[in-house]
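Student: Following this message is one structure expressed as structure tokens.
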Amino acid sequence: MTGLGSLISPAATLSIAHVLAGALVLASFMMLYQDRLSSVINVLALHSTVLGVAVGWQAYIQHAPELYITAGLALGFKAVVIPIALQRIVIRLGIHHQIEAVGGISVTMLAGIGLVALSLVVMLRTAAHADALAREDVALALAVILLGMLMMVTRRNAVSQIVGFMSLENGLILAAAGAQGMPLVVEISVAFSILIAFIVIGVFLFRIRERFDTVDSAALDAFRGEAQ
Amino acid sequence: MTGIAYDAVIATIAIPTLAALILAVVPSWRLAAGINVGATFLTLAASTVLLRYRPVPTELFLIDDLNIVFLLLNGFVGFTTSMFSASYIAHELQTGHLTPRYLRFYHAMYQVMMVGMNLALITNNLGLMWFGVELATLSTVMMVGIYRTPASIEASWKYLILGSVGIALALFGTILIYLAAKPVLGVGMGAMQWTNLLHRAAELDPAMLNVGFIFLLIGYGTKAGLVPMHAWLPDAHAEGPTPISAVLSGLLLNVALYAILRFKMLLAMSHATVQPGILMIGVGLLSLFFAAIMLYRRRDIKRMFAYSSIEHMGIIAFAFGIGGPLGNIAGLLQMMMHSLTKSAIFFSVGHIAQAKGTQKIAAITGLTKSHPLLGWTLVAGVAAIAGLPPFGIFTSEFLLITSTFARAPLLAVLLGFGILLAFGALLMRMTSVCFGEPSEVSYPITASSISIFLHLGIVLLVGLAMPAFLYAWFAHVATLLG
Amino acid sequence: MDLIVPLLLQLFQIGLVILVAPLLAGFVRLLKARLQRRSGPPLLQIYRDLAKLIGKDAIVAGDASWLVVLAPYAIFVLTWIAAALVPSFATGLPFSGAGDLIAVVALLGTARFFQMLAALDVATAFGGLGASREAMFASLAEPAMLMIVFTVAVVAGSSQLSAIADFMHSQAAGLRLSLGLGLVALVIVALAETGRFPVDNPATHLELTMVHEAMVLDYSGRHLALIELAHALKLTLYMSLIACIFVPFGMAGPGAALPALAIALVGYIGKLAAGAVLLAVFETTIAKMRIFRVPNFIGAALMLGLLGTLLLFVSATL
């Protein structure tokens with residue numbers, strides 16, 4: 001490991017960290033772009049893989065071995081187990097070929113760019129005193145979080161909303177990993193990703209399925225109670 | 001560090017955890033309800049011990065004047081709600097709304113929620129506080145959807161999504177605060193400890209604190225039901241079982257607001273930050289007016305009182321926003337009184353809904369004639385929540401308006417107007433529900449009214465003659481809040 | 001003497017692109033066929049096709065104006081100049097001062113202008129169809145290309161291709177996020193502009209799916225030969241562009257000796273071959289998009305370019 005460290009200059013290690021964080025932002029954009037459910041889930045797997053690599057790199061340059069566990073969990077659980085489970089559910093519900101009205105990809109992408117710009121400007125101005133690694137990682141992580149929220153807002157299908165939420169969580173994990181030395185939170189956020197994933201997949205989709213024949217939240221909207 | 005104090009602190013978390021584990025396996029619902037009541041009573045006892053013996057703050061735990069109030073309130077309302085829940089559940093089983101299998105789950109989740117809330121209150125660590133609020137939220141989400149009707153599934157889905165996004169934003173805010181603290185307090189647990197942060201607040205980077213506070217306000221504000229993040233609240237209250245509505249309104253909203261208060265304390269100590277009060281005043285007024293207007297058109301009784309909770313959270317946020325000694329006292333008092341009153345209202349509404357078999361306001365009339373006990377307690381409750389004297393909420397609202405008038409008359413006028421709006425709606429509805437000719441539909445119920453009387457009694461007592469120690473206590477905390 | 005060698009090299013480059021272009025197109029076609037388990041046309045088939053076409057009569061529609069006769073020559077010359085300006089194996093050649101990214105974009109734009117006008121001039125339905133589709137794609141692809149140009153130019157400090165290649169070759173560039181985004185965007189734009197999957201199928205003649213083919217349907221003989229050659233030149237141009245900006249390793253600097261030049265030439269051919277392999281694999285694995293989804297695809301390139309530029313303005317190290 002030290003051999004590798006001497007090959008890469010400090011500036012390069014920083015750049016690699018940023019490229020990985022930027023790849024996560026790119027994966028979020030890819031997720032916004034998809035309109036078929038199975039491809040959305042595949043991009044989630046990609047997203048979590050990139051997260052695993054990014055957190056692993058952070059573990060290496062911060063010399064924080066516990067982050068390797070987080071990276072491993074992200075790779076093993078969120079990149080493999082959850083997408084497979086979601087694919088199974090989607091196939092069982094029979095919606096894997098469904099193309100959903102996403103409400104204009106170009107508008108969504110523009111909004112996404114706006115959000116990325118906003119998060120970069122806010123975080124980079126605010127954290128001007130923090131060290132370079134943390135600052136830009138947190139800025140890009142905020143961009144991923146906002147893009148995850150955008151995904152949840154522009155989608156009508158419950159599965160897509162879950163995937164959007166998971167990408168939001170990935171952004172949080174990146175932020176927590178980038179803020180060096182944050183003690184419990186990395187473990188906690190990973191644990192909660194797993195918990196929410198189980199709750200959501202195991203309980204709600206089947207409850208919804210048992211009540212309706214669709215996971216379309218527009219159908220759920222009919223039961224919204226008196227108009228808000 | 002006194003051994004007993006430390007034990008009591010651990011007990012507030014350990015007892016509910018143990019109870020949750022036991023309740024997950026106990027098959028008989030009567031026994032489970034009994035264990036539930038017993039566990040909450042023991043937790044309350046542990047909290048009262050902490051009144052007397054205060055432990056020294058450790059890395060993980062902290063008991064100071066601010067959170068002891070909420071801890072006690074938590075224990076008390078948790079206890080009375082469990083008593084209400086025991087009688088409520090009997091009727092739900094009878095009518096077939098719930099099956100015994102779900103009741104095990106329900107009781108276990110109830111205790112898990114108590115663990116989460118207590119953890120959030122007693123901890124000295126930012127991360128653990130977030131963890132506690134998240135745990136409490138997740139357990140209530142599970143409980144809201146327990147009826148498995150389409151409407152309740154929609155309500156719990158919405159609550160899950162909005163709550164999770166809120167929690168995620170709150171975590172991000174916590175990370176930002178940590179980043180601000182890292183240069184000053186070093187890496188690791190030390191930078192996430194309240195006592196350390198408060199001590200060195202002036203040295204923390206103000207810009208980071210500002211941005212962090214905004215995220216925290218949005219994140220925890222979602223949990224507290226502040227507009228515009230409130231969308232989950234009416235549905236969750238209306239569709240979940242009534243004990244959950246009581247606990248949500250009475251406890252969870254308070255815990256979320258407590259979290260915001262902690263951060264407000266931090267920001268107030270640092271002079272270069274944007275004063276958080278302005279943000280809180282804005283959000284508070286927005287919530288107040290929005291909820292007050294929405295109160296007029298509600299057709300479901302629990303939904304109406306849910307909006308009333310939003311309204312009061314707005315008033316409380318406004319109170320802390322205005323700040324100063326009187327403003328803070330008013331806020332604290334209002335939090336306590338609202339918690340007690342709203343849960344009492346939900347207790348009686350729960351039984352009323354069971355008695356009438358419906359939650360629609362139009363179908364419920366003439367309660368004082370058909371069910372005098374329930375009717376008159378509801379009248380008292382609504383009078384209390386609307387801010388009529390001699391109840392405690394009148395005291396806090398009056399205190400708030402007068403202190404605001406001295407500082408910013410325009411805001412006081414707005415505040416008063418909003419309160420009056422809500423007052424009108426509540427009174428209108430109350431007259432239609434409680435008075436007039438009774439509607440035909442009526443089921444027999446055995447109401448447990450002791451909880452209602454306890455709560456309303458305390459509110460009345462505080463309103464008539466506020467105990468001096470209570471006032472002194474609030475005053476002390478108010479100075480901490482800045 | 002000092003002037004002769006660079007001048008010869010420059011002329012060699014101009015000739016090289018036009019010689020290599022049909023070979024590259026043929027290689028891609030052969031690879032695709034082999035990947036699809038067909039034997040495919042021979043590697044040098046396109047040369048033979050061009051020779052055959054040149055020998056044939058050029059038939060022009062009766063209603064067409066002089067534009068239809070002029071267009072193939074204009075398109076060919078403009079594309080050839082653009083392709084020749086992109087440094088392939090050596091930087092700092094005599095004409096490299098004119099080798100500006102924006103100039104390349106402008107030349108290609110002018111060629112596209114002639115292409116579309118000529119297609120409209122023939123007044124067939126297919127011509128109009130092809131031209132309107134081409135316009136739809138170009139309205140997004142050109143801004144995307146410009147965003148990429150801005151990104152690269154801000155990073156390298158110049159929009160001249162030779163200078164960019166030298167900058168990227170040196171260690172000063174490092175691994176930068178905006179360049180990564182620019183690369184992805186450039187690949188998408190290249191796919192769109194060269195009429196490859198998933199934007200357009202170069203082998204189709206179905207009216208539902210034609211874009212480029214629809215515009216050249218009425219050409220024959222030497223006109224068709226020129227247009228086909230221009231099309232192949234465009235593919236070479238874009239591959240050279242990607243290689244020059246993002247993979248400039250091995251390119252010989254000004255005044256390099258013969259061995260270095262030879263190595264650089266071999267390297268350049270290698271890069272083209274690698275690009276051909278990647279393109280063939282990509283085209284085999286992906287299906288063509290519906291026409292109305294292509295603006296989303298190219299729009300994504302525009303967004304990525306925009307994001308890359310944005311990152312440069314907001315942060316110094318991204």
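Residue numbers (my numbering), protein chains in the order written: chain Y, 1 to 228; chain Z, 1 to 482; chain S, 1 to 318. No residue lacks a Cβ here, since even glycine has one placed at the ideal position from N, Cα and C. Just so you know, these numbers come straight off a predicted model, no measurement behind them.
Going by Cα to Cα distance, which pick from Y:Ala197, Y:Ala176, Y:Met123 and Y:Leu195 is closest to Leu71 (chain Y)?
Tutor: Locating residue 71 (chain Y) in the first sequence gives position 71, counting from the first residue. Just to set this straight, residue 71 (chain Y) is Ala in the shown sequence, not Leu. Checking every option, the nearest Cα to that of Ala71 (chain Y) belongs to Y:Ala176.
Student: Hey, how far is the Cα of Met1 (chain Y) from the Cα of Phe290 (chain Z)?
Tutor: For the purposes of this step, residue 1 (chain Y) is taken as the residue at position 1 of the first sequence. For the purposes of this step, residue 290 (chain Z) is taken as the residue at position 290 of the second sequence. Any reading at Met1 (chain Y) is ruled out, since the residue's pLDDT is 42, under 50, leaving its predicted position unreliable.
Student: In the stretch 121–137 of chain Y, which residues sit with their C-beta less than 8 Å from some C-beta in chain S, listed in chain order?
Tutor: Going along the stretch 121–137 of chain Y in chain order, one finds Val121, Leu124, Ala132 and Glu136 with a Cβ nearer than 8 Å to chain S.
Student: Tell me, please, whether the CB atom of Phe77 (chain Y) is closer than 8 Å to any CB atom in chain Z?
Tutor: Here residue 77 (chain Y) refers to the residue found at position 77 when the first sequence is read from its first residue. Chain Z contact via Cβ: absent.
Student: For the candidate residues Y:Val116, Y:Leu172 and Y:Leu37, whose alpha-carbon lies nearest to that of Gly308 (chain S)?
Tutor: Taking the first residue of the third sequence as position 1, residue 308 (chain S) is located at position 308. Gly308 (chain S) has its Cα closest to that of Y:Val116, out of Y:Val116, Y:Leu172 and Y:Leu37.
Student: In the structure shown, what three-state DSSP assignment does Met1 (chain Y) receive?
Tutor: Translated into the one-based positions of the first sequence, residue 1 (chain Y) becomes position 1. Note that Met1 (chain Y) scores 42 on pLDDT, short of 50, meaning its location in the model is unreliable; the coordinates nonetheless yield the value given after this. Coil.
Student: Would you report the Cα separation of Glu283 (chain S) and Ser270 (chain Z), rounded to the nearest angstrom?
Tutor: Counted from its first residue, the third sequence places residue 283 (chain S) at position 283. Counted from its first residue, the second sequence places residue 270 (chain Z) at position 270. Between Glu283 (chain S) and Ser270 (chain Z), the C-alpha separation is close to 60 Å.
Student: Kindly say whether Leu14 (chain Y), judged by its beta-carbon, lies nearer than 8 Å to any beta-carbon of chain Z.
Tutor: Taking the first sequence and counting its residues from 1, the one referred to as residue 14 (chain Y) is at position 14. For Leu14 (chain Y), the answer is no, since every Cβ of chain Z falls outside 8 Å of its Cβ.
Student: Considering only the alpha carbon of each residue, which of S:Pro143, S:Ile164 and S:Ala144 lies closest to Val152 (chain S)?
Tutor: What you label residue 152 (chain S) is simply residue 152 of the third sequence in a count that begins at 1. Comparing Cα positions, the closest option is S:Ile164.
Student: Tell me the DSSP secondary structure of Ala323 (chain S) in three-state form.
Tutor: This structure does not reach residue 323 (chain S), given that chain S is present from 1 up to 318, and the question cannot be answered.
Student: Counting only the same chain and skipping the five closest in sequence on each side, list residues whose C-beta sits under 7 Å from that of Gly182 (chain S).
Tutor: Here residue 182 (chain S) refers to the residue found at position 182 when the third sequence is read from its first residue. The residues are Ile148, Thr151, Val152, Gly305 and Gly308.
Student: Using the DSSP secondary-structure output, state which residues sit across from Arg290 (chain S) in a beta bridge.
Tutor: In the third sequence, residue 290 (chain S) corresponds to position 290, counting from 1. DSSP output for Arg290 (chain S) lists no bridge partner at all.
Student: Report the rounded CA-to-CA distance for Lys223 (chain Z) versus Ala158 (chain Y), giving the unit in angstroms.
Tutor: For this step, residue 223 (chain Z) is matched to residue 223 along the second sequence. For this step, residue 158 (chain Y) is matched to residue 158 along the first sequence. Approximately 22 Å, taken between the alpha carbons.
Student: Taking the straight line between their C-alpha atoms, what separation do you get for Gln180 (chain Y) and Ala259 (chain Z)?
Tutor: Along the first sequence, read from residue 1 onward, the residue named residue 180 (chain Y) stands at position 180. Along the second sequence, read from residue 1 onward, the residue named residue 259 (chain Z) stands at position 259. One C-alpha to the other measures close to 24 Å.
Student: Look at Leu124 (chain Y) and Val314 (chain S) and say whether their C-beta atoms are less than 8 Å apart.
Tutor: Here the question's residue 124 (chain Y) lines up with position 124 in the first sequence. Here the question's residue 314 (chain S) lines up with position 314 in the third sequence. Yes; because the gap between Cβ atoms is below 8 Å, this pair is in contact.
Student: Are any of the Cβ atoms in chain S nearer than 8 Å to that of His96 (chain Y)?
Tutor: Counted from its first residue, the first sequence places residue 96 (chain Y) at position 96. For His96 (chain Y), the answer is no, since every Cβ of chain S falls outside 8 Å of its Cβ.
Student: Do you know whose CA, among S:Ile227, S:Leu30, S:Val69 and S:Leu11, lies nearest Val122 (chain S)'s CA?
Tutor: Position 122 of the third sequence, counting from 1, holds the residue named residue 122 (chain S). The candidate whose alpha carbon is nearest that of Val122 (chain S) is S:Val69.
Student: Could you name the residues of chain Z that Met152 (chain Y) contacts, counting a contact when the two beta carbons are closer than 9 Å?
Tutor: Translated into the one-based positions of the first sequence, residue 152 (chain Y) becomes position 152. Result: Ile161 and Val165.
Student: Lys342 (chain Z) lies in the alpha helix (DSSP H); which residues open and close that run?
Tutor: Numbered from 1 along the second sequence, position 342 holds the residue referred to as residue 342 (chain Z). That run of the alpha helix (DSSP H) goes Gly324 to Lys356.
Student: At a cut of 8 Å, does the stretch 223–239 of chain Z reach the stretch 301–317 of chain Z through at least three beta carbon pairs?
Tutor: Cβ pair count under 8 Å is three or more, so yes.
Student: At a CB distance below 8 Å, what residues from the stretch 270–300 of chain S approach chain Y? Give them in sequence order.
Tutor: If the cut-off is 8 Å between Cβ atoms, the stretch 270–300 of chain S has Pro295, Asn296, Gly299 and Ala300 near chain Y.
Student: Would you report the Cα separation of Ala406 (chain Z) and Gly277 (chain Z), rounded to the nearest angstrom?
Tutor: As a first step, residue 406 (chain Z) is located in the second sequence; it is residue number 406 there, counting from the start. As a first step, residue 277 (chain Z) is located in the second sequence; it is residue number 277 there, counting from the start. So the alpha carbons of these two residues sit roughly 16 Å apart.
Student: Could you tell me which residues DSSP puts in a beta bridge with Asn170 (chain Y)?
Tutor: Position 170 of the first sequence, counted from the first residue, corresponds to residue 170 (chain Y). Answer is none; Asn170 (chain Y) lacks a bridge partner.
Student: Ends of the alpha helix (DSSP H) at Asp65 (chain Z)?
Tutor: To locate residue 65 (chain Z), count along the second sequence from 1; it is residue 65. Element bounds for Asp65 (chain Z): Asp65 to Thr95.
Student: Any beta carbon from chain S within less than 8 Å of Leu4 (chain Y)'s own beta carbon?
Tutor: Position 4 of the first sequence holds residue 4 (chain Y). Confidence in Leu4 (chain Y) is poor, its pLDDT being 49 and thus under 50, which makes the residue's placement unreliable; the coordinate value appears in the next sentence. So, not an interface residue.
Student: From the beta carbon of Ile557 (chain Z), is the nearest beta carbon of chain Y less than 8 Å away?
Tutor: Outside the modelled stretch of chain Z, which goes from 1 to 482, sits residue 557 (chain Z), for which no answer is possible.
Student: Relative to the C-alpha of Met239 (chain S), which candidate in S:Pro295, S:Leu206 and S:Leu279 has its C-alpha closest?
Tutor: Taking the third sequence and counting its residues from 1, the one referred to as residue 239 (chain S) is at position 239. The residue with the shortest Cα to Cα distance from Met239 (chain S) is S:Leu279.
Student: Rank Z:Val26, Z:Leu333, Z:Pro409 and Z:Ile153 by C-alpha distance to the C-alpha of Phe105 (chain Z) and give the top, closest one.
Tutor: For this step, residue 105 (chain Z) is matched to residue 105 along the second sequence. Comparing Cα-Cα distances from Phe105 (chain Z) to each of Z:Val26, Z:Leu333, Z:Pro409 and Z:Ile153, the minimum goes to Z:Val26.
Student: At what residues does the alpha helix (DSSP H) containing Asn124 (chain Z) begin and finish?
Tutor: If you number the second sequence from 1, residue 124 (chain Z) lands on position 124. Counting along the chain, Asn124 (chain Z) falls outside any alpha helix (DSSP H), and DSSP gives it neither H nor E.
Student: Work out the CA separation of Leu135 (chain Z) and Val104 (chain S) for me, nearest whole Å.
Tutor: Along the third sequence, one-based indexing puts residue 104 (chain S) at 104. Along the second sequence, one-based indexing puts residue 135 (chain Z) at 135. Taking the straight line from one Cα to the other gives about 59 Å.
Student: Using a Cβ-Cβ distance cut-off of 8 Å, determine whether His18 (chain Y) contacts chain S.
Tutor: Here the question's residue 18 (chain Y) lines up with position 18 in the first sequence. Yes, His18 (chain Y) lies at the interface with chain S (some Cβ there is under 8 Å from its Cβ).
Student: Quick one: is Val60 (chain S) near chain Y, going by C-beta distance under 8 Å?
Tutor: Taking the first residue of the third sequence as position 1, residue 60 (chain S) is located at position 60. Not one chain Y Cβ lies under 8 Å of Val60 (chain S).
Student: With the cut-off set at 8 Å, would you say Ala127 (chain Y) and Val138 (chain Y) are in Cβ contact?
Tutor: If you number the first sequence from 1, residue 127 (chain Y) lands on position 127. If you number the first sequence from 1, residue 138 (chain Y) lands on position 138. Yes. Within cutoff.
Student: Name the chain S residues whose beta carbon is nearer than 8 Å to that of Ala117 (chain Y)?
Tutor: In the first sequence, residue 117 (chain Y) corresponds to position 117, counting from 1. Leu310 and Val314, listed in chain order.
Student: Mind checking who Ala320 (chain S) pairs with in its DSSP beta bridge?
Tutor: An answer regarding residue 320 (chain S) cannot be provided, because it is not within the stretch 1 to 318 covered by chain S.
Student: Under a Cβ-count criterion, where at least 16 other Cβ atoms within 10 Å of its own Cβ denotes burial, should Ser39 (chain S) be classed as buried or exposed?
Tutor: Counting from 1 along the third sequence, the entry for residue 39 (chain S) is found at position 39. So Ser39 (chain S) ends up on the exposed side.
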